[in-house]
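Novice: Before I ask anything, here is the structure I am working with.
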Amino acid sequence: MKKYIFCLLGLMLAFMTSCQLEGNKESYLYGKWENVNKPGDYKVYENSAVIPIHEEDSVFKTYKWGHEWDEAERTESQLVHQGNGWYMWKLQGNNLYEVSMTDRVWEGSLTPVTLTISTLTSDMFIFERHGRTYTFKKVMQ
Amino acid sequence: MKRFFKIFGITLGSLIGLVLVIVGLALYVVLTPKRLTSVVHRVADSFITCPYEIGNVDLTIVKTFPYVGLEVQGLYVINPIEGAPSDTVLAVPKLVVGMDIMKALDGDIYIKTCTLEDMEANIYIDSLGNNNFTVWADMTTEDTELEEDTTDSAWRLRSIGLEDAIRFSARKLSLVDKKDSLVAGLTDCSIQLSATETDSLCHAKLDLDANHVSFQMKEEQFADNLHLRLTLPALFRSSEHITIDGTQIAIEEYTVNVDGYVGSSCFDSGVYNMDVTIKTNEWKISNIWHLVPPSYQSLWPKEVDADGHLQLLAHAIGTYDSVSMPLIDAQVLLTGAQGRYTPLPYYFDEMQADLTAHVDLNKKANMTATLNNLFVQTGTNTVRLSGSANHIFKNKDGFVIDNPAADIKAEINVDLAEANRYLNSDSTPMHVSGRAKGALTAAGRLDDITNSRWSKLKAQAQLNLTKVDFLSDSLQAAITGGQVNARLDMPKDETSAIPTIALRFDLDDVQASMDTLFAHVVHPIGSATIKATRRDPSAQRVNVAFSAEAMQANMGDLTDIKTGNVSIEAKSRYNKEGENIFFKWNPRLKFDLQNATAHTPMLPVEIAVPQIRFSYSNRDFAIDTSRIVLGKSDFNLSGDIRNFGKWTQHKDTLVGVLNFTSSNTDVDELLSLLPQSQEDTLVANEQTESDRQDEPDSSQAKPFIVPKMVNLTLNTRIANAHALDQDLKNLGGSLVMRNGEVYLDQMGFVCEAAKLQLSAIYKTPRTDHIYVGLDYHMVDVDIQQLISMIPQIDTLVPMLNSFRGKAQFHLAAETYVNERYQLKPSTIRGACSIEGKDLVLLDNETFSKIAKVLMFSKKTENKIDSLSAQITLYKDEITVYPFCVSMDNYLVALGGNHYLDMNFNYHADLLKPLYIGVDVKGNLDDLKIAPATCIYAQDFRPIIHKDTETKSQEIRRIISDNLKKNVKIK
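Those sequence lines, one after another, are chains A and B.
Quick note: the first sequence, position 97, residue 96 per numbering that gives the first Met the number 0, numbers continuous.
Quick note: the second sequence, position 610, residue 609 per numbering that gives the first Met the number 0, numbers continuous.
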């Protein structure tokens, strides 16, 4: 019996530790990141929860807001708020799910993107997608 | 009885004869020639102050019957003066004077008749004013009192006077006035002066008939050897009023009749009242020409060579003195005239003129000249002109026309060929023919008329045209007939106001051609009016209207345009305060075109326009109908656009709804009509190559910027269409332009291959940042038809080319592009869903390679029960989320991604009957297929957590559900 209790406590500790670690990892994401290999390519992860307006969007209530832009093609100010360039993001383990928004097409048309994080520190963010590796450094908290 | 009369007559005759013999004897005894001569000498001494000679004086009765008379044989008055042509002032070879003998015996001589035969008088005045005729003693009154005779004769002259008549028979009368440079001479003339007095009225009459009259003044010969006749009857009602009715002056056969009266309180006072009418007979110009002094002949324009009959009528009434002149109304009539005006290449076969003038030399403004009628005919051309002019006055230089206000009316009937003389030039030969008949009126200042300052005039013209042809170089035009009216009115009061100009034409038929161009207008009717607005006289209103029963235009044998009834109405009100051209002119337009067709080599089919009718104003642009039939296609556009004017002022939004309908549209035919000749293709290719090499130039191309403040909707409804060899039905949807954005809202149609729905959006927040988005749905689409209709789909889903059958296709994508419409990959977002059932997997090379790796049996049937693939577009990558297909006994899962550069990274798993994976990587030129471990088993054939939805499936569901939300077609 004692063995089961220790085992259960161990599992609980491990779960809590993993939750703690995941929470820490998500906090690392907050801020402005710049693509090391493509300067001017920025991503911003906000600690701002998505508040669904429509009931069918409740699936996104666990997501947070973020936006990205490439200075070579547009500036941050040219982004339409919560439109094209904006995305909802959710971190689950090493998978970072991003659902890209659109300016207009056609309300509800969303583009899901899944990034696999290999490294996430307070100033370094490396992820893989479709076999390609992208390295970002934090430029602003 | 007979005997009685015989005896009585003999007795009476004897008595009369006895009396006459006694009287005669008494006279000859008492009034002997010697005694009479003495008496006459004494009388002459009293009157004549210079040397003179008087011949024998004899008594006569026969020549002066019923009066007793004196016959003087020779009276010569001699007064030599230096320079005079003769020292004889007066020479009368024979003078007969009849008088009242009884009064004469008392010394009062009242001359009843006086006859001077073969008289010769030479009057001379030298340059100092000295003359040779002041040789008479004071005899200013007829009752001249003579000095008392101091001789011892019992008879003495108490008075002398003229009572009845004087007759002159002059051989020569001459006047030489050196002071005034006058030389006048009458030879072979007779003069008779008579006077009678009845009831306090004195009738006087002067008759003069001179066979040879000469007159020279200041070395100018005014008359030379002319026959002059003068009849001057005068009725003296009082000393202040002389009526001269019936007066006639005739030079040769040219007469001047004078009627009226002349009056004066004192004829020496220089103040005369008159009411005189003068009328001439008809004078032939060529005949009187020699009567005109040479210096006056030079005043006649050398360019005028004319002959005809002139007649002058004049009426003078009023007072003549040093400060005033009588009013004169004069009329000049010209009849039967012919001639030419050398600057004009015409000979006038007939000219008639009737000119009147009202002359008031006292007031400047009251002088007018009126041309009652001027008729000119040259060949078959006639011009009839009438008019009037005022502001004629007299100054020290004579009569001056001070830019008179003229009022001219003309009737013309001319052969337009006459204009060829002016139209032709060496550089541009022109020829016009035809006939113009009509009336012209013009009123205004003469300067403005002569200088063609039409804006200052009031003019009107009405012309009837008949068979007008115009030829110039390669241009040829013909008008079979018609009427043209034109009117020009100056405003009456507002000098700054706009004149009214009106033009109206109604032509039968107009044809024109130039080179290979030909135009034909049937019964064109039009009008144009320009006039001032009521509110602002300085602003103008313009109204234009045109209509024709039919029109035709050809360009060679290939291009032919025909129309039925055409009607255009345009109105404009100018406002100088308007901010732009629309508000400056405020146009209002109505256009109606019916039954038009066009054939052009650029289009192998006929363009037919059954009707186009629209109206435009700054507030409202309304298209009632605009039907066009092009080959097998027909279109009709109607609708209403409002606030155009205010929109140009940025004050309001342009609002409108247009409806585009078509019963049939053959897109394939329309596309085939586009010019795609080999040359065009070459040019296009060269242009493309040039663009690539010359980037800076091509970068200057500007994109379409959607205007702001626009809210326009174009509703389309096409019943049947044919496109890409597909028959389409019920095409409909809306194109909306609103606030800088263009929407294609749920454009849908049905065809054999699919049911389609397309929405799109285009917005231009900035020139270099343009948004393009589309939402595209196809239901029951044949996959192969889909690829043929949208070849780009092969880029999105390359493996789709391996399937055949019916599917659903949903695409939503958006991106930003730059000003050259080049994609901005970082902005690409999109999702696509393809779902199908009972598909057939085509046996192509790639499939064979994969099948070989997956160890498919060669007997495997390629049928697939269902297919559901979701694709996302994110930046430059296309992700195909894993999907599963069931084929015979096989279950295969596919998924992966590729980039816009067509580098692939796909994976396929055979999940049934065994687990085998395969990677498909590389590009189309170097595709590498290699075995790999299964990675989709958990998604499509989970062994554990069978009912748990994987994240991939969740995403796919989200994509699919969201895409289908906007599908309206069923």
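C-beta atoms are modelled at their ideal positions from N, C-alpha and C, and glycine is treated no differently.
1. Please list, in chain order, the chain E residues whose beta carbon lies closer than 8 Å to that of residue 109 of chain A.
2. Of all the beta strand (DSSP E) runs that stay within the bounds of the region 221-307 of chain B, which reach a length of 3 or more residues?
3. Below 7 Å between beta carbons: does that hold for residue 898 of chain B and residue 925 of chain B?
4. Whose C-beta lies closer than 7 Å to the C-beta of residue 380 of chain B among residues of the same chain, with five residues either side of it excluded?
5. Can you tell me where the beta strand (DSSP E) holding residue 328 of chain B begins and where it ends?
6. What is the DSSP secondary structure of residue 667 of chain B, counted as helix, strand or coil?
7. Assuming contact is defined by CB atoms lying nearer than 7 Å, are residue 129 of chain A and residue 904 of chain B in contact in what I supplied?
8. Quick check: what's the CA-CA separation for residue 667 of chain B versus residue 793 of chain B?
9. For chain B, check one thing: does any of its Cβ atoms lie closer than 7 Å to the Cβ of residue 99 of chain A?
10. Could you tell me how far apart the beta carbons of residue 213 of chain B and residue 84 of chain B are, in whole angstroms, since I believe they sit closer than 8 Å?
11. Against chain A, which members of the region 809-823 of chain B pass a CB distance test of less than 7 Å?
12. Look at the alpha carbon of residue 239 of chain B and the alpha carbon of residue 442 of chain B, and state the distance between them as a whole number of angstroms.
13. Roughly how many angstroms lie between the CA atoms of residue 835 of chain B and residue 867 of chain B, to the nearest whole one?
14. If contact means a Cβ-Cβ distance below 8 Å, which residues of the region 892-914 of chain B contact chain A?
15. Taking residue 516 of chain B as the reference, give the member of B:384, B:531, B:559 with the closest Cα.
16. Taking the alpha carbon of residue 93 of chain A as the reference point, which residue from A:36, A:62, A:117 has its own alpha carbon closest?
17. Should residue 825 of chain B be flagged as near chain A, meaning a C-beta pair shorter than 7 Å?
18. I want to verify the contact list: residues of chain A whose CB lies under 7 Å from the CB of residue 768 of chain B, in sequence order.
19. Can you pull the DSSP bridge partners for residue 118 of chain B?
20. Any beta carbon of chain A sitting closer than 7 Å to that of residue 873 of chain B?
21. Could you tell me whether the Cβ atoms of residue 502 of chain B and residue 456 of chain B are closer together than 7 Å?
22. Quick check on the DSSP output: the alpha helix (DSSP H) that includes residue 104 of chain B runs from which residue to which?
23. From the DSSP output, in three-state form, read off residue 618 of chain B for me.
24. Keeping to the same chain, check which residues put their C-beta closer than 6 Å to that of residue 627 of chain B; ignore five residues upstream and five downstream.
25. Straight-line CA distance for residue 207 of chain B to residue 249 of chain B?
26. Grouping DSSP H, G and I as helix and E and B as strand, with all else coil, what is residue 961 of chain B?
27. Step through the CB atoms of chain B and report whether any lies within less than 7 Å of the CB of residue 129 of chain A.
28. Cβ atoms of residue 476 of chain B and residue 511 of chain B: under 7 Å apart, would you say?
29. Out of B:358, B:262, B:279, B:278, which one is the CA nearest neighbour of residue 272 of chain B?
30. Of all the residues that make up the region 723-751 of chain B, which are near chain A by a beta-carbon distance shorter than 8 Å?
31. Tell me the DSSP bridge mates of residue 521 of chain B?
32. Please state whether DSSP places residue 891 of chain B in a helix, a strand or coil.
33. Leaving out five residues before and five after residue 848 of chain B in sequence, what residues of the same chain have Cβ atoms less than 7 Å from its Cβ?
34. DSSP state of residue 774 of chain B, grouped into three classes?
35. What would DSSP say about residue 63 of chain B, mapped onto helix, strand or coil?
36. What's the call for residue 732 of chain B, buried or exposed, on a 16-neighbour Cβ count within 10 Å?
Specialist: By the coordinates alone:
1. Among the chains of the structure shown, chain E does not appear; the protein chains present are A and B.
2. 240-242, 246-250, 253-262, 271-279
3. The residue you call residue 898 of chain B lines up with position 899 of the second sequence. The residue you call residue 925 of chain B lines up with position 926 of the second sequence. It is not a contact, given that the beta carbons lie outside the stated cut-off.
4. Here residue 380 of chain B corresponds to residue number 381 of the second sequence, with the count starting at 1. For residue 380 of chain B, where only same-chain residues beyond five positions count, the Cβ hits under 7 Å are 412, 413, 414, 417.
5. Here residue 328 of chain B is taken as the residue at index 329 of the second sequence, counted from 1. Start and end: 326-340.
6. Taking the second sequence and counting its residues from 1, the one referred to as residue 667 of chain B is at position 668. The answer is helix: DSSP assigns residue 667 of chain B an H, G or I state.
7. Indexing the first sequence from 1 puts residue 129 of chain A at position 130. Indexing the second sequence from 1 puts residue 904 of chain B at position 905. Their beta carbons are under 7 Å apart, which means residue 129 of chain A touches residue 904 of chain B by this criterion.
8. Counting from 1 along the second sequence, the entry for residue 667 of chain B is found at position 668. Counting from 1 along the second sequence, the entry for residue 793 of chain B is found at position 794. Going by the C-alpha atoms only, they are around 23 Å apart.
9. Counting from one through the first sequence, the residue named residue 99 of chain A turns up at place 100. With 7 Å as the cut-off, residue 99 of chain A counts as an interface residue toward chain B.
10. Taking the second sequence and counting its residues from 1, one reaches residue 213 of chain B at position 214. Taking the second sequence and counting its residues from 1, one reaches residue 84 of chain B at position 85. Not confirmed; about 13 Å, so no contact.
11. 811, 812, 813, 815, 823
12. Locating residue 239 of chain B in the second sequence gives position 240, counting from the first residue. Locating residue 442 of chain B in the second sequence gives position 443, counting from the first residue. Going from the Cα of residue 239 of chain B to the Cα of residue 442 of chain B covers about 46 Å.
13. Position 836 of the second sequence, counted from the start, is the residue given in the question as residue 835 of chain B. Position 868 of the second sequence, counted from the start, is the residue given in the question as residue 867 of chain B. Taking the straight line from one Cα to the other gives about 6 Å.
14. 895, 896, 904
15. Taking the second sequence and counting its residues from 1, one reaches residue 516 of chain B at position 517. The shortest Cα separation from residue 516 of chain B among B:384, B:531, B:559 belongs to B:559.
16. For this step, residue 93 of chain A is matched to residue 94 along the first sequence. Taking only the C-alpha atoms, the option nearest residue 93 of chain A is A:117.
17. Here residue 825 of chain B is taken as the residue at index 826 of the second sequence, counted from 1. So, interface residue.
18. The residue given as residue 768 of chain B occupies position 769 in the second sequence. Correct list: 73, 77.
19. To locate residue 118 of chain B, count along the second sequence from 1; it is residue 119. B:169, per the DSSP bridge assignment.
20. Here residue 873 of chain B refers to the residue found at position 874 of the second sequence. Chain A, which has a Cβ nearer than 7 Å to the Cβ of residue 873 of chain B, makes this yes.
21. In the second sequence, residue 502 of chain B corresponds to position 503, counting from 1. In the second sequence, residue 456 of chain B corresponds to position 457, counting from 1. Against a cut-off of 7 Å, the Cβ pair of residue 456 of chain B and residue 502 of chain B comes out as no contact.
22. Here residue 104 of chain B refers to the residue found at position 105 of the second sequence. Taken as a continuous stretch (DSSP letters only), the alpha helix (DSSP H) holding residue 104 of chain B covers 100-104.
23. Against the second sequence, residue 618 of chain B aligns to sequence position 619. In this structure, residue 618 of chain B counts as coil in the three-state DSSP scheme.
24. Counting from 1 along the second sequence, the entry for residue 627 of chain B is found at position 628. Excluding positions up to five away in sequence, the list reads 608, 634.
25. Along the second sequence, read from residue 1 onward, the residue named residue 207 of chain B stands at position 208. Along the second sequence, read from residue 1 onward, the residue named residue 249 of chain B stands at position 250. Roughly 10 Å separates the two Cα atoms.
26. Taking the second sequence and counting its residues from 1, the one referred to as residue 961 of chain B is at position 962. Reduced to three states, the DSSP call for residue 961 of chain B is helix.
27. Indexing the first sequence from 1 puts residue 129 of chain A at position 130. Cβ-Cβ to chain B under 7 Å: yes for residue 129 of chain A.
28. Taking the second sequence and counting its residues from 1, one reaches residue 511 of chain B at position 512. Taking the second sequence and counting its residues from 1, one reaches residue 476 of chain B at position 477. Result yes, Cβ atoms of residue 511 of chain B and residue 476 of chain B sit closer than 7 Å.
29. Numbered from its first residue, the second sequence carries residue 272 of chain B at position 273. The option with the nearest alpha carbon to residue 272 of chain B is B:262.
30. none
31. Locating residue 521 of chain B in the second sequence gives position 522, where the first residue counts as 1. DSSP lists B:508, B:549 as partners of residue 521 of chain B.
32. Here residue 891 of chain B refers to the residue found at position 892 of the second sequence. It is a strand residue.
33. In the second sequence, residue 848 of chain B corresponds to position 849, counting from 1. Around residue 848 of chain B: 928.
34. Reading the second sequence from its first residue, position 775 is the one you call residue 774 of chain B. Strand at residue 774 of chain B.
35. Reading the second sequence from its first residue, position 64 is the one you call residue 63 of chain B. If DSSP states are grouped into helix, strand and coil, residue 63 of chain B belongs with the helices.
36. Start at 1 with the first residue of the second sequence, and residue 732 of chain B comes out as number 733. Residue 732 of chain B comes out buried.
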